[in-house]
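Asks:
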Amino acid sequence: MSDAADTQKLTTAGFDARFPNTNQTKHCWQNYVDYFKCINARGEDFAPCKQFYRAYHSLCPNEWIEKWDAQREEGRNPSNFEV
């Protein structure tokens, strides 16, 4: 095992007061949309965008992400990813 694996810190999305209930579907979706809006506005290397990425990967089922990515790439996703 490498030293990098020993020091890796695992975290999940923190509490968001906009979504106080246990159902996190809206929180998942909003972070997905916010991530793509952020990288479209600032680029993939902009550090604050990575928080949205970590949050939606933590909250959303992989199947949803794959479906939304395919829709976005095909131009069929109903969200506006422009700022």
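So the sequence shown is residues 3 to 85, counted in our numbering.
A virtual CB, placed ideally from N, CA and C, is assigned to each residue, including glycine.
#1: Just checking, does the segment 73-83 make contact with the segment 49-63 on the three C-beta pairs under 8 Å criterion?
#2: Just to confirm the assignment: which complete beta strand (DSSP E) runs, minimum length 3, are found wholly within the segment 20-80?
#3: Using DSSP with H/G/I as helix, E/B as strand and the rest coil, what is Thr-13?
#4: With a CB to CB cut of under 8 Å and the five nearest residues on each side skipped, what residues in its chain are close to Phe-2?
#5: Determine the contact status of Tyr-37 and Cys-51, defining contact as a CB-CB distance below 8 Å.
Replies: Checking against the coordinates, here is how it stands:
#1: no
#2: Entirely contained in the segment 20-80, not one beta strand (DSSP E) run reaches 3 residues.
#3: For the purposes of this step, residue 13 is identified with residue 11 of the sequence shown, where counting begins at 1. Residue state, collapsed to three classes: coil.
#4: This structure gives no information on residue 2, because the portion of the chain shown stretches from 3 to 85.
#5: Taking the sequence shown and counting its residues from 1, one reaches residue 37 at position 35. Taking the sequence shown and counting its residues from 1, one reaches residue 51 at position 49. Yes, Cβ-Cβ distance for Tyr-37 and Cys-51 is below 8 Å.
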